[in-house]
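Accompanying notes for the structure given below.
There are 2 protein chains.
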Amino acid sequence: MPRTRSAPLATGPVGLSPGARAALLPASVEVSAGFWHIRREVNASTSIPQGPGLLESAGNLHNLRVAAGSEQGEYRGAFPFVDSDVYKWLEAASWQLAQSAPGEGGPETRRLAGEVERIISLVVQAQRSDGYLNTWFQVRHGGERYQDLRWGHELYCAGHLMQAAVAHHRATGGEELLDVARRFADHIDSVFGPPGSGKPIDGIDGHPEVETALVELYRETGERRYLDLAGYFVDRYGHGLLGGEAYCQDRVPVRSATNVEGHAVRQLYLLAGAADLAAETGDTELLAASERLWQAMTTTKTHITGGLGAHHDEEDFGDPFELPNERAYCETCAAIASIHWSWRMALLTGQARYSDLIERTLYNGFLAGVSLDGESWLYVNPLQVRDGHTDPGGDQSARRTRWFRCACCPPNVMRLLAGLEHYLSSTDGQGLQIHQYVTGRYSGDLDGGTAVAVSSRTDYPWHGAITLTVEATPADRPWTLSLRIPQWCREYRVRCGNRTYDQSDAPVKDGWLRLKRAWVPGDQVVLELGLEPRLTAADPRVDAVRGCVAIERGPLVYCLEQVDHPGGGLDDIVIDPVRPLAVKDRPDLLGGVTVVVAAGRRRQLPATGWWPYRSPDAATDPVPPAGEPVELTAIPYYAWANRQDGSMRVWLPTF
Amino acid sequence: MPRTRSAPLATGPVGLSPGARAALLPASVEVSAGFWHIRREVNASTSIPQGPGLLESAGNLHNLRVAAGSEQGEYRGAFPFVDSDVYKWLEAASWQLAQSAPGEGGPETRRLAGEVERIISLVVQAQRSDGYLNTWFQVRHGGERYQDLRWGHELYCAGHLMQAAVAHHRATGGEELLDVARRFADHIDSVFGPPGSGKPIDGIDGHPEVETALVELYRETGERRYLDLAGYFVDRYGHGLLGGEAYCQDRVPVRSATNVEGHAVRQLYLLAGAADLAAETGDTELLAASERLWQAMTTTKTHITGGLGAHHDEEDFGDPFELPNERAYCETCAAIASIHWSWRMALLTGQARYSDLIERTLYNGFLAGVSLDGESWLYVNPLQVRDGHTDPGGDQSARRTRWFRCACCPPNVMRLLAGLEHYLSSTDGQGLQIHQYVTGRYSGDLDGGTAVAVSSRTDYPWHGAITLTVEATPADRPWTLSLRIPQWCREYRVRCGNRTYDQSDAPVKDGWLRLKRAWVPGDQVVLELGLEPRLTAADPRVDAVRGCVAIERGPLVYCLEQVDHPGGGLDDIVIDPVRPLAVKDRPDLLGGVTVVVAAGRRRQLPATGWWPYRSPDAATDPVPPAGEPVELTAIPYYAWANRQDGSMRVWLPTF
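Chains as they are written, first to last, in the working numbering: chain A, 1 to 655; chain B, 1001 to 1655.
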């Protein structure tokens, strides 16, 4: 059960307050090399620095200047929520600035700090004297407020402003943006409240987000009203205030819902807020709802990549086990929101499965959203692109795009990558938990404030060995180093001092290998996770992939791309599931990847008539069909769509 | 090859002009009993009479009165094309009135004629003096015209007006609506034309429809300008006039397209227009394009029900072999448009396969669109509703709805059913072709005007025997009675005089059983089509149904409904494909149907964890899984969603 204890000053997202009921507290990690370090370097050197220019060309900064009265013109952008792109970029830049101590860092850091200050000053100037701030309504609608809660996104944008302000404050100590956020939060608190509260509006925003943000603002400021306001909002969903649509999370209250539904990002931000509230208030009903919905989501509505959202139409979750491939929506923002929610659940409960899903999502459904060079993006992340695909272009394209009309995803990727070190490790007062394996240094405090630290060297996920070295430890106090044994892992070995365990005898419970020792600096633990490539099938109710397998290796889901299979497309390819898989390190390919090689065939296609439905003898007979043998080369899913356009598939037919 | 000969005065849709190059001409059929007679009686007694009331409540008639200045008020309806609902109803009512000679028929016919006159007078009064007519632009936009060709639907509505006017003229001889249509067509012709024509606008409508309508108007009036205008419009698609979107058919010109794409109804109405043009102008390139696109559509983008359109988003065709079940869009209007196009292709080419598709579509993808009582409708026609389905309600609901916000489908169903007798038979000058089997009387003229007629008795599709009796024939001139042997039919027998043929020796070529005789009145031909129920599988590239079979019998596709399978849902059901199927006549059920009974099981589901993806041993092994035996009762797909809500599926897993 969650328990109460005091938290240190937060340095990253989810800065649990001293009174929070959570099993774990986020711990610090310095990521210094390896897979995620490379991705974060690209984020720091390319994606984030390009942000202000893109926000300028798209009109977001123009809108702020027009709202401030310092520039003339019309509102630019097709949607009412473009302010949030600015706030998400500010949050990303703040976490990036937090990598260096204030005033330190090289010229790039100083330039970034300058850009942040410049853009914060635009935000400051755009804010109304009573705290309100939304350029869509200020510029386009003559200042009319809260007239379209279903679609106006005012509180949604306010939420992203609060998160940016908290990040900036935690990263730099700067108060200016935090003051803007507080004034807006105070304004919202003066307007919104339950019937009988004397507040003018009993309402919620069509897009949840302000709830989790208000809890963070409470954590940063200690202002209890923000927590109460978040609680009010979370509980007002599902009562028809917005017309009762599932899309807006208004069909069923969170507390009584039995599965995730409606717009995936809305659902997941709302649940992140619910989990935050459960942590800060000890609301066990909300915690139980959040656990129940997470279980329902993972068992019935999650793609193998961790991607979420089955419908292009309304960006919705589908029905249970409705998990299409070519029309998987899997919005990049939904993957991010899932990580936000799961991380809160991991802290609340201490259970490893939440970090299992985070790992899967990070390496697959999330990371596919950004190109290897950090300059282009996917909004939707399908699991299949067919031969003969007609691409619609625009935001829903299966081709990477420089920026979107609805540009929610790119700065969302930036902020998660920039703050990623805060999602990797935790402390429970009795030791350190390693949730995700990186090269770097994990550190935290035991109860009483004693510092512990472990350095780590690994080439994960390409190789399975992780060498952990104790760097700081109390001399006389045993503590527990907990290593997450990933849910996908069938075979592993761990060497700790002169003991060696494997999957048959390791002290693993609920996904955690717990090593309790009186540690001495220099003590080594070597974990070797078996990375044999494997084939994976789905629950038989996932109709979309019946008779198919996916290739996986470690936390990575693999896919075929047409470019690696000259001489044809991919829709006539079958894999032979009984032939062994091989791996090949390809430092030359896609920034350096390990590919998986499998045996397949190009099937002989049925004679062409005009009707593709026929007697079932062949089609229900799963003997691998005849056809020319083909060597199948699978690349990690996250790296797809970085070469020439063409078909792609994750799930491979066996017949 | 199509050839030129003279056509009689048209009495139904597709009234080919005397100079048309078509292999066949539509012939007359009186449908007097049986399956389609029952459906048409419901259409005549319930659906069509309820139309004016529904058009009144939805505001369509109000809009006409406001446009005429006889009533005050705002435009009602969410879309710019609601006038077309009125026109489609007028067309339906006109074909219905054509069932009786003018001035004859009972009180219901007189009431219907009165309603038609009343509504025509609203249309007459709403028309501007220069011929323009569109209430959306007249009422809402202060009369601004052609400002939004992509979405305004002005020419689309004009097309439906023309079709209604032609139908009314053919049915009653009435000139009033035809005059409205001519004035509007003349106005359009004065505005739209190619660069250099001196016409102010070089443009097309975002929703094709006016093209096929203009050809019909040409046929009815002899005005060549209408045909030329249709040709101009058809060839201006695909050149970026609307921004180049596939949705609007503007990505690729018809003549160079290689597959159907974009919004399904738009694509199919455009192709009906292209086929009309090919018939009237002898344009062989357009004919070749239409044949090529039809072949591509049927082989790669058609659901087993004849349904078309794989995407909810934009109501689009998907990629080749992208044929989802739960998200099959299969708009009822797309099935209707497919029948329109295929019938034109059948007439142009004389090939039976076009009527094979028409049969499949009529009995399945089309007919599911209207409830058995004729009072409620489906806009989308999915092939699966999952256990735990969260229904969105509204137009895209999987529950039948009394009327839609976008009410294009109901009056479209009405007009096809009311004029259905014109899609069943043809003459080629040397004989009579029976495309679809009904109880009634088929008649037509041989070259030179000699009348031939055949009466027919059948309980098709429930029973396979069709008894045809020659009623009118020249005494001394042999002619050919051609019977379509359906593409689905494996075994049949035909008795003609004292000869009996079966599938081994019947004179069948290209789907036509051709019986050339010197007929005598009273001669009988008895065709028996084998109606053994069968299992059907799909091309292996249709990933959505790998490892599944569908149950079919005759032209009917079957489905399971949850209500017939108490004790659980349908998502855990598997069919045993090697056990025999049985049929059972159920006069008590769904207006009288034959059900198919199959052996199945409720599978033992995998133990619940939190992750539904696992080692593939079980899932790729197609041995029927263990589980409790269940008798599966399949009903015809067209009759689904006429009882209580619940899950449904057409494609049944075999493992």
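Even for Gly, the Cβ is constructed at its ideal location relative to N, Cα and C.
The alpha helix (DSSP H) spanning residue i covers which residue range?
| i | result |
| --- | --- |
| B/T1302 | From DSSP, B/T1302 is part of no alpha helix (DSSP H); its letter is neither H nor E. |
| B/E1115 | P1107 to A1126 |
| A/Q436 | First-last for A/Q436: undefined, no H or E at that position. |
| B/R1415 | C1409 to A1418 |
| A/T536 | First-last for A/T536: R534 to A538, but that is the beta strand (DSSP E), not the alpha helix (DSSP H). |
| B/V1265 | A1264 to T1281 |
| A/I188 | E176 to V191 |
| A/V234 | R224 to R236 |
By DSSP's criteria, residue i is part of a beta bridge. Which residues make up the other side?
| i | result |
| --- | --- |
| A/C496 | A/R499 and A/V525 |
| A/S443 | A/S28 and A/A453 |
| B/M1648 | B/V1385 and B/E1561 |
| A/C548 | A/P653 |
| B/G1431 | B/T1480 |
| A/W151 | Paired residues: none, contrary to the question. |
| B/R1405 | B/R1405 pairs with nothing; no bridge assigned. |
| A/I201 | A/F192 |
| A/V508 | A/L513 |
With residue i as the anchor, note down where its beta strand (DSSP E) starts and where it stops.
| i | result |
| --- | --- |
| B/S1028 | S1028 to A1033 |
| A/K516 | W512 to R517 |
| A/L652 | W651 to P653 |
| A/T212 | Per DSSP, A/T212 belongs to no beta strand (DSSP E); it is in the alpha helix (DSSP H), V210 to T221. |
| A/T427 | S425 to T427 |
| A/V470 | A465 to A472 |
| B/T1172 | Note, B/T1172: premise wrong, no beta strand (DSSP E); alpha helix (DSSP H) at E1154 to T1172. |
| A/L481 | W479 to R484 |
| A/A582 | A582 to R586 |
| A/V574 | I573 to I575 |
To the nearest whole angstrom, what separates the beta carbons of residue i and residue j, a pair I think is in contact under 8 Å?
| i | j | result |
| --- | --- | --- |
| B/V1014 | B/L1483 | B/V1014 to B/L1483, Cβ: 21 Å. No contact. |
| B/T1300 | B/N1364 | Contact doesn't hold; Cβ gap of about 19 Å is too wide. |
| A/L241 | A/W651 | 40 Å between Cβ atoms; not a contact. |
| B/L1277 | B/V1215 | 6 Å |
| B/E1261 | A/T608 | Not a contact, Cβ separation roughly 20 Å. |
| B/M1345 | B/S1047 | Rounded, the Cβ-Cβ distance is 28 Å, inconsistent with contact. |
| A/R183 | A/G131 | 4 Å |
| B/I1204 | B/L1149 | 7 Å |
| B/V1029 | B/R1040 | Contact flag wrong, Cβ pair sits at about 12 Å. |
**Study point:** Complete alpha helix (DSSP H) runs within the segment 1290-1372 of chain B (minimum length 4 residues, chain order)
**Key:** 1332-1349 and 1352-1360
Check your understanding: Pairing CB atoms from the segment 99-114 of chain A with CB atoms from the segment 149-160 of chain A, are three or more of them under 8 Å?
Key -> no
Check your understanding: Hey, is the segment 364-375 of chain A in contact with the segment 294-310 of chain A, meaning 3+ C-beta pairs nearer than 8 Å?
Key -> yes
Point to revise | Given 8 Å, three or more beta-carbon pairs between the segment 505-517 of chain A and the segment 441-452 of chain A | key: no
Check your understanding: Touching or not, the segment 1322-1333 of chain B and the segment 1537-1545 of chain B, by the rule of three or more beta carbon pairs under 8 Å?
Key -> yes
Point to revise | Any alpha helix (DSSP H) of 4 or more consecutive residues that is wholly inside the segment 17-103 of chain A | key: 35-42, 48-58, 60-68 and 83-97
Check your understanding: What residue ranges within the segment 1589-1633 of chain B form continuous beta strand (DSSP E) runs of no fewer than 3 residues, ordered along the chain?
Key -> 1593-1603
Exercise for review: Give a yes or no on contact between the segment 1090-1097 of chain B and the segment 1164-1177 of chain B, applying the rule of three or more CB pairs nearer than 8 Å.
Suggested key: yes
Review point. Pairing CB atoms from the segment 1232-1246 of chain B with CB atoms from the segment 1262-1274 of chain B, are three or more of them under 8 Å?
Key: yes
Exercise for review: Could you tell me whether the segment 1422-1438 of chain B touches the segment 1393-1412 of chain B, where touching means 3 or more Cβ pairs closer than 8 Å?
Suggested key: no
Check your understanding: Pairing CB atoms from the segment 103-115 of chain A with CB atoms from the segment 38-56 of chain A, are three or more of them under 8 Å?
Key -> yes
**Study point:** Sufficient close CB pairs (3 or more, under 8 Å) joining the segment 1548-1560 of chain B to the segment 1391-1400 of chain B
**Key:** no
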